[in-house]
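If you read the sequence shown in our numbering, its first letter stands for residue 219, the second for the next number, and so on. Virtual Cβ for every residue (Gly too), placed ideally from N, Cα, C. Please read all numbers here as calculations on a predicted model, not as lab measurements.
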Amino acid sequence: MKCDIVIPVWNNKEVTQRCLESIFDNTHCEYRLIIIDNASDASTRQYLDQVKLSRPDKVLLIANEENVGFTKAVNQGIKVSSSDYVCINNNDIIVSDGWLEEMIYVAEGHSDIGIVNPSSNFGKRKPWGKTFKQYANSRTFGKHGQYSETASPVGFCYLIKREVIDKIGLLDEGYSPGYFEDTDYALRAKAAGYKSVFANGAFVFHLERASFKKRGFNPLFKQSEERFYSLHKRPRRILYVLVDPAVTFSQRIKEDSYNFAKDANWVSIFLKRSAPNIELYNHTYIRVFRFADIFFNIAVIWKVLFKKKKFSKILVDNEGFAQRFRMLKRYHKAQVEVL
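As structure tokens, this is what we get:
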């Protein structure tokens, strides 16, 4: 078996049906569906029984007598899996044509890639006037085999190599019923030598929080967040202000920004609009922002002072700018260094 797809389900029959039908219609490699029914209501249970009866060769259904939460249910699925890959899915997703094959293609092409996410809408609505297929194609066209590295893949659709599971084991059930177990697992995989990436040529639409909305998002999130930061360091936010990157940008800056990002720190790079393109590693934690030349000084200072999530460190290639930031440190609190 190439891949076991593990999906915990708790109620939401219509959402679950749309998810499963999209998987049956758009998955073309060898797979098995492992559904963990977390004590759903009668209509959902009946639907899942029908799915199992209609596709006995494709579906393994595990029925829990109580709702054990997302994390424990996923581990139930992983424990009965024996395939080369395990793909953990929420039941509130819609997959597009070839989604799983593309993710596996990216994983198999690189021995150091251990976890793969597809590209997704990430909270955005499907554009009006486009079918789902058209939207998915617009997001993936020409991107076969391409990927972007990330420090925190998202558990809505989460492909794991078997060798990673063999090395680091199951999800941490301390995060039950859910949230942060996916980021924790990725950091454990990183410690074992594996990268996490987004497969840019695969697309999965996510109806975010649908599976948790009835149980209260904020308390669950806060509970898992506290556990996560008791085990892992909080990310820093690093800012590079490059006034003259044509002169000052270097291989060292490229490497340092990548190393910050690999360690799950957010890196922002501020440039003038007229500045030449700079070559950076393709990592989702590195972002470039360009500002109009005439307003560059004001825009940068404004962003630093009034950004909701404050920068931890500011690296600047201009002594005059560095002086301004030092004078304003009581407001932004960041460490300031000249490159």
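### Query
If you follow the beta strand (DSSP E) that Q364 is part of, which residue opens it and which one closes it?
Where Q364 is concerned, there is no enclosing beta strand (DSSP E), given that its DSSP letter is neither H nor E.
### Message
For the pair the stretch 470-483 and the stretch 505-524, tell me if three or more CB-CB distances fall below 8 Å.
### Response
no
### Message
Using 8 Å as the cut-off, can you tell me whether the stretch 375-387 makes contact with the stretch 286-304, which would need three or more C-beta pairs spanning the two stretches below that distance?
### Response
yes
### Rounded straight-line distance, which links the Cα of I496 to that of Y249
42 Å
### Task
Counting only the same chain and skipping the five closest in sequence on each side, list residues whose C-beta sits under 6 Å from that of C237.
N309 and I311
### Sheet register partners of H246 (DSSP bridge)
None, per the DSSP bridge assignment.
### Message
For N418 and S338, which I take to be in contact (beta-carbon distance under 8 Å), what is that distance rounded to the nearest angstrom?
### Response
That belief does not hold up - the Cβ atoms of N418 and S338 are roughly 11 Å apart, past 8 Å.
### Message
Can you list, in chain order, the residues of its chain with a C-beta nearer than 7 Å to that of M321? Leave out the 5 residues immediately preceding and following it.
### Response
V334, P336, L377, A417 and A420
### Alpha-carbon spacing of F513 relative to V556, whole angstroms
22 Å
### Query
Any idea if N349 is buried or exposed, counting beta-carbon neighbours within 10 angstroms, 16 or more meaning buried?
The amino acid occupying residue 349 in the given sequence is Thr; Asn does not appear at that position. Exposed.
### Query
So what does DSSP say about E555, is it helix, strand or coil?
strand
### Query
Can D330 and G373 be called in contact, C-beta distance under 8 Å?
no
### Query
Whose CA, out of Q294, K408, A354 and I254, lies closest to the CA of S240?
A354
#### Entry: Cβ neighbours of A517 in the same chain (closer than 7 Å, five flanking residues each side left out)
F509
### the stretch 455-463 / the stretch 386-405 touching (three or more Cβ pairs under 8 Å)
no
### T466 versus L498 - alpha carbon distance
14 Å
### Message
Quick check on this structure: which residue in E537, V534, L533 and F524 has the alpha carbon closest to the alpha carbon of G548?
### Response
Before going on, a small fix: residue 548 reads as Arg here, not Gly. Closest by alpha carbon: F524.
### Task
Going by CA-CA distance only, name the one from I223, W228, P494 and G360 that's closest to G396.
W228
### Closest residue to T245 among Q294, S314 and V286 (Cα-Cα distance)
S314
### Query
Which one of H424, H362, L388 and V422 has the shortest CA to CA distance from A407?
L388
### Query
What alpha helix (DSSP H) runs, 4 residues minimum, are completely inside the stretch 249-294?
260-272
### Query
Per DSSP, what kind of secondary structure is G538 in: helix, strand or coil?
helix
### 8 Å contact criterion, which N282 and N256 should meet: CB distance rounded
5 Å
### G411 - DSSP class collapsed to helix/strand/coil
coil
### Query
Quick one: Cα of Q449 to Cα of K440, how far?
Note that residue 449 corresponds to Leu in the displayed sequence, not to Gln. Going from the Cα of L449 to the Cα of K440 covers about 14 Å.
### Query
If you measure from the beta carbon of F509 to each beta carbon in chain D, is any gap under 8 Å?
Within the model displayed, chain D is absent; a lone protein chain is all it includes.
### Message
Considering only their Cβ atoms, is the gap separating K385 from A369 smaller than 8 Å?
### Response
no
### Cβ separation of K231 and S261, assumed to be a contact under 8 Å, to the nearest whole Å
5 Å
### Task
Going by CA-CA distance only, name the one from F242, N477 and D267 that's closest to P502.
Note that residue 502 is Thr in the sequence shown here, rather than Pro. The candidate whose alpha carbon is nearest that of T502 is N477.
### Message
In the DSSP output, which residue or residues are listed as bridge partners for D222?
### Response
R250 and V304
### Query
So is F340 buried or exposed if we call it buried at 16+ other beta carbons inside 10 Å?
exposed
### Query
Using a Cβ-Cβ cut-off of 6 Å (strictly less than) and excluding sequence neighbours within five positions of L533, which residues of its own chain qualify?
Y458, E555 and L557
### Those runs of the alpha helix (DSSP H) which lie wholly inside the stretch 302-359 and span at least 4 residues
317-326 and 350-358
### Query
When we look at the beta-carbon of K526 and count the other beta-carbons within 10 Å, is it buried (16 or more) or exposed?
exposed
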